[in-house]
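Residue numbers (the UniProt record's numbering): 1 to 875.
So, in structure tokens, the structure goes:
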């Protein structure tokens, strides 16, 4: 017992690996023992283990070189003289590992072939695996006869080894393995479960490129009763893939087969069938019912694996068909106290997605006793489920808000706390009735919040939402406490938040000015600078200044600003630095998302920003575009100009500058017997657009994308911004050898007609977020205001809002893109920057009357022509 304890302690200390400090040179010296007579199997096995460890070592300096591996391999071949089973299997394993390192490994082919066809069954299976690992396509035919015999061998281990090795050989010698179909078909009728499974897998991979052959394979074996549950599971997966590719409905015989597997005697097959039905596209609640029923039975299984699998699958179903899972709620409630915390967590989150409004209070009580027993990772999952439930039943927000606030007071890591804060913020943004309660809970949290990033985010939220509540003064104390007690980053955020209260609330301005003056003596530069700026602005008592410098942030790309300032300082100029020369910060396209999509949305924002910067760098490196100025906007999605199955594939991305549009064409040649040179996309412009220059793709090899550019000047008429441009790809064709890719010396000119490209209004507008739309509206003023009234073809307010946002390409503000159900009127606020750096704001008042939507649109801009373009575009 003492030894066991010591060993466990050594393992915990990380010192239990006997091979951790191996020296390659010492091991290679030790390999000389392979030449000794008689052979010492035990010692040789130990040495081979060390060699295998070095081969698979991840750290540098321990890898075998080709010469070292070859010398060791030749020494190891003498070990074939020993018949010790353990040593022989180690030899086979080492041969497989050295196959890609040592040279001339193929010399042991005869020894392995001898073992493969010998009488010692223990050697045969391992010899087959090793032989197939070192055999190339040229040598495979010499052992083909032996492989065919092995596939139908009566020894199950040998047959399985041959079948699995054949699957590996398919990658390099598909045509040879195809000739083994008869043997594989015979192996499918084996009584052994694994042989039948491996044989079916081999048959499928041989025929997978022939859909008709695969369909016949499935039809054949669905009529037969396969004994192996593994083989039946594989058959279910193949049938599902066929159903998906063919787009067959649920009336297909294959779906009937999958549904019949729900009554199979093997639990593995039953679950596989249920899982397959759940994951099919366009499955209705009626078709899901049999699968949900068997999963419900698994919920009460004594086996934890089945309970976990069933709960996880039902959790997934609850995201799309919560009503179908409602029948399982009683069984799921019994799993809340399951000894396996993973099962309990999944049960809770599933109940939160399927529970009714009346069951929310009971669920919250059950979760309270459950939360202290699970890890932070599982707590995050529960919090996300609570978020979706609150979105589903907004009237229950007090219960869930109180529960979330109590969770904030509990111990937990950053990710856990962040998920709770994200949830509370989402709830108060979606539900105006929950705003004050949510802000109160967050104020209480930042009193002892140890995470700077969370405190800064909450202070930013307080500055944005706090001034709009009935009694904004109650938040001042919480904010100023941060100025006194916290670190510099939090103090700076608190100063900015105080300034927003002063800019929004006239009655609070004197108090805010006093508090900001106290921050002028702060020890941190950032805090003092912010306080000085905000004091100077607030004392002017001008709404325009408040909007520009306090309420609305600078909408520029930080990376772009840094690059522009660096360029300005390295190349001094008499002209003052123009902020309009800095690229704007890209805004994500607004879509209706489920609560669980928050993480993907944040990732998409980062991708969009980096994509804009990458395009800017790529275009600035092209001499022809030096004089175009800073990149204003790039289209978010490429436009396909060819069908996917045609000989050439062309995608277009539009890059907008102040007076030009650069069309980037990403071209791919799908013909392996052609090489294209000097590829350009010639455009036939109209409506005043003019082609300036072309940047050709010098060479377009087979299946290797390349890029060509066409630069078009925008018309001088400020109102001419839309057009349809026809495109023709012109190039020099050279025929080439499909195998080597070597082209002919001579070629001929050719062209290929592409789809037209549309230049729309949204190509000239960049989305920007205005946190305080009202202040921005007053800041721009009504000098360039235009009002129009239109009748829209939309049938609902939500559809009209979606269409307007998509058409104009502007950013919704004040969460006005969300239309409350049952409303007959709605106001949409949109913000953007027009090409040339001109701010544009749109206030669209919508009314639904007798199934038709009427819109009164008011456009304000810093340039009259921009207002005219936006107003006329809708008409």
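Every residue, glycine too, gets a C-beta built ideally from N, C-alpha and C.
Predicted model only: the values in this text are computed from it and were never measured.
- Message: So, for residue 785: in the same chain, excluding its five sequence neighbours on each side, which residues have a beta-carbon less than 8 Å away from its beta-carbon?
- Response: As a working note, residue 785 is residue 785 in the chain shown. Answer for residue 785: 858, 859, 860, 867, listed in chain order.
- Task: Determine the burial state of residue 741: buried for a count of at least 16 other Cβ atoms within 10 Å of its Cβ, exposed for fewer.
- Result: By one-based count along the chain shown, residue 741 stands at place 741. Exposed.
- Query: When burial is assigned at 16 or more other CB atoms within 10 Å of the CB, is residue 397 buried or exposed?
  - Reply: Position 397 of the chain shown, counted from the first residue, corresponds to residue 397. Buried, because 16 or more other Cβ atoms sit within 10 Å of the Cβ of residue 397.
- Query: Using 8 Å as the threshold, is the region 630-642 in touch with the region 702-722, meaning 3 or more CB pairs across them?
  - Reply: no
- Beta-carbon proximity of residue 273 to residue 296, cut-off 9 Å: Counted from its first residue, the chain shown places residue 273 at position 273. Counted from its first residue, the chain shown places residue 296 at position 296. In this structure, residue 296 does not lie closer than 9 Å to residue 273 by Cβ.
- Message: Just to confirm the assignment, what range does the alpha helix (DSSP H) spanning residue 29 have?
- Response: Working through the chain shown from its first residue, we reach residue 29 at position 29. That run of the alpha helix (DSSP H) goes 24-30.
- What number of angstroms, rounded off, separates the C-alpha of residue 318 from the C-alpha of residue 222? Indexing the chain shown from 1 puts residue 318 at position 318. Indexing the chain shown from 1 puts residue 222 at position 222. Their Cα atoms are separated by approximately 30 Å.
- Query: Is residue 495 closer than 9 Å to residue 514 when the C-beta atoms are compared?
  - Reply: Taking the first residue of the chain shown as 1, we reach residue 514 at position 514. Taking the first residue of the chain shown as 1, we reach residue 495 at position 495. Not in contact: residue 514 and residue 495 (Cβ atoms no closer than 9 Å).
- Message: Can you tell me which residues form a DSSP beta bridge with residue 691?
- Response: Reading the chain shown from its first residue, position 691 is the one you call residue 691. BP columns for residue 691 point to 712.
- Whole angstroms is fine: what's the gap from residue 763's alpha carbon to residue 695's? On the chain shown, residue 763 is found 763 positions in, with the first residue counted as 1. On the chain shown, residue 695 is found 695 positions in, with the first residue counted as 1. In a straight line, the C-alpha of residue 763 is about 21 Å away from that of residue 695.
- Message: Extract the residue ranges of the alpha helix (DSSP H) inside the region 384-417, only unbroken runs of 4 or more that lie entirely within it.
- Response: Entirely contained in the region 384-417, the alpha helix (DSSP H) runs reaching 4 residues are, in chain order, 397-409.
- Which residues in the same chain have their Cβ closer than 6 Å to the Cβ of residue 464, if we skip the five residues on either side of it in sequence? By 1-based counting over the chain shown, the position of residue 464 is 464. So the list reads 771, once near-sequence residues are dropped.
- Query: At a cut of 8 Å, does the region 354-370 reach the region 410-422 through at least three beta carbon pairs?
  - Reply: no
- Message: Using C-beta distances below 7 Å, list every residue in its chain close to residue 590, excluding the 5 sequence neighbours before and after it, in chain order.
- Response: Stepping through the chain shown from its first residue, residue 590 is reached at position 590. Any reading at residue 590 must be qualified, since the residue scores a pLDDT of 44, below 50, and its modelled position is unreliable; the value itself is stated next. Only 805, 812, 817 meet the Cβ criterion.
- Message: Given the structure, does residue 622 come close to the ligand ADP, in the sense that its CB is under 8 Å from one of the ligand's heavy atoms?
- Response: No copy of the ligand ADP appears in this structure; indeed no ligand is present at all.
- Item | Backbone secondary structure at residue 847 - three-state DSSP | Counting from one through the chain shown, the residue named residue 847 turns up at place 847. If DSSP states are grouped into helix, strand and coil, residue 847 belongs with the strands.
- Message: Helix, strand or coil for residue 831? Go by DSSP, reduced to three states.
- Response: Here residue 831 refers to the residue found at position 831 of the chain shown. Secondary structure at residue 831: strand, using DSSP grouped into helix, strand and coil.
- Length of the line joining the Cα atoms of residue 626 and residue 556: Within the chain shown, residue 626 is the residue found at index 626, counting from 1. Within the chain shown, residue 556 is the residue found at index 556, counting from 1. Residue 626 and residue 556 have their C-alpha atoms roughly 21 Å apart.
- Please list, in chain order, all residues of the same chain as residue 512 whose beta carbon is under 6 Å from its beta carbon, the five residues on each side excluded. Sequence index remark: in the chain shown, residue 512 carries index 512 (1-based). Cβ neighbours of residue 512 beyond the five flanking positions: 498, 501, 502.
- Query: Are the region 107-115 and the region 127-147 in contact at 8 Å, needing three or more beta carbon pairs?
  - Reply: Contact between the region 107-115 and the region 127-147 is present, because at least three Cβ pairs lie under 8 Å.
- Query: Skipping 5 residues on each side, what residues in its chain have a beta carbon closer than 6 Å to that of residue 504?
  - Reply: The residue given as residue 504 occupies position 504 in the chain shown. Taken in chain order, the residues that qualify are 467.
- Message: Would the region 516-533 count as touching the region 557-575 if we require 3 or more Cβ pairs under 8 Å?
- Response: no
- Of all the options 838, 509, 205, 760, which has the alpha carbon lying nearest to the alpha carbon of residue 874? Counting from one through the chain shown, the residue named residue 874 turns up at place 874. Checked all of 838, 509, 205, 760; the closest Cα to residue 874 is 760.
- Task: Might you give, ordered along the chain, the residues of its own chain that have their beta carbon closer than 6 Å to the beta carbon of residue 153, omitting 5 neighbours on each side?
- Result: For the purposes of this step, residue 153 is taken as residue 153 along the chain shown, with counting starting at 1. Closer than 6 Å at Cβ, skipping near neighbours: 159.
- Message: Please report the straight-line C-alpha distance between residue 340 and residue 352, rounded to a whole angstrom.
- Response: The sequence position of residue 340 within the chain shown is 340, counting from 1. The sequence position of residue 352 within the chain shown is 352, counting from 1. Answer to the nearest angstrom: the Cα atoms are 19 Å apart.
- Query: Rounded to a whole number of angstroms, what is the C-alpha to C-alpha distance between residue 338 and residue 414?
  - Reply: Locating residue 338 in the chain shown gives position 338, counting from the first residue. Locating residue 414 in the chain shown gives position 414, counting from the first residue. One C-alpha to the other measures close to 27 Å.
- Looking at C-beta atoms only, is the number of pairs between the region 193-205 and the region 226-238 that lie closer than 8 Å three or more? yes
- Task: Excluding the 5 residues preceding and the 5 following residue 722 in the sequence, name in chain order all residues of the same chain whose CB lies nearer than 8 Å to its CB.
- Result: Counting from one through the chain shown, the residue named residue 722 turns up at place 722. Same-chain partners within the cutoff: 687, 758, 759, 760, 761, 873.
- Message: Taking 7 Å as the limit between beta carbons, can you name the residues of its chain near residue 702, skipping five residues before and five after?
- Response: Counting from 1 along the chain shown, the entry for residue 702 is found at position 702. The answer, listed in chain order, is 669, 671, 672, 741.
- Item | Pairwise C-alpha distance: residue 583 and residue 300 | The residue labelled residue 300 in the question sits at position 300 within the chain shown. The residue labelled residue 583 in the question sits at position 583 within the chain shown. If I take the Cα positions, the gap works out to 59 Å.
- Message: residue 140 and residue 173 - do their beta-carbons sit closer together than 9 Å?
- Response: Position 173 of the chain shown holds residue 173. Position 140 of the chain shown holds residue 140. In this structure, residue 140 lies closer than 9 Å to residue 173 by Cβ.
- Since residue 853 contacts residue 798 with CB under 8 Å, what's their CB separation in whole angstroms? Here residue 853 is taken as the residue at index 853 of the chain shown, counted from 1. Here residue 798 is taken as the residue at index 798 of the chain shown, counted from 1. Incorrect: roughly 10 Å between the Cβ atoms, too far for contact.
- Task: Return the first residue and the last residue of the beta strand (DSSP E) that residue 852 is part of.
- Result: Position 852 of the chain shown holds residue 852. Note, residue 852: beta strand (DSSP E), 852-861.
- What runs of the alpha helix (DSSP H), each 4 residues or longer, lie entirely inside the region 142-179? The region 142-179 contains these whole alpha helix (DSSP H) runs: 156-169, 174-177.
- Task: Leaving aside the five residues before and after residue 792 along the sequence, list all residues of the same chain whose C-beta is less than 6 Å from its C-beta, in chain order.
- Result: Looking up residue 792 in the chain shown gives position 792. Spatial neighbours of residue 792 in its own chain (CB-CB distance under 6 Å, excluding positions within 5 residues in sequence) are listed in chain order as 800, 853, 855.
- Task: Scan the region 727-807 and note each continuous alpha helix (DSSP H) run of 4 residues or more that stays entirely inside, going in chain order.
- Result: 773-780
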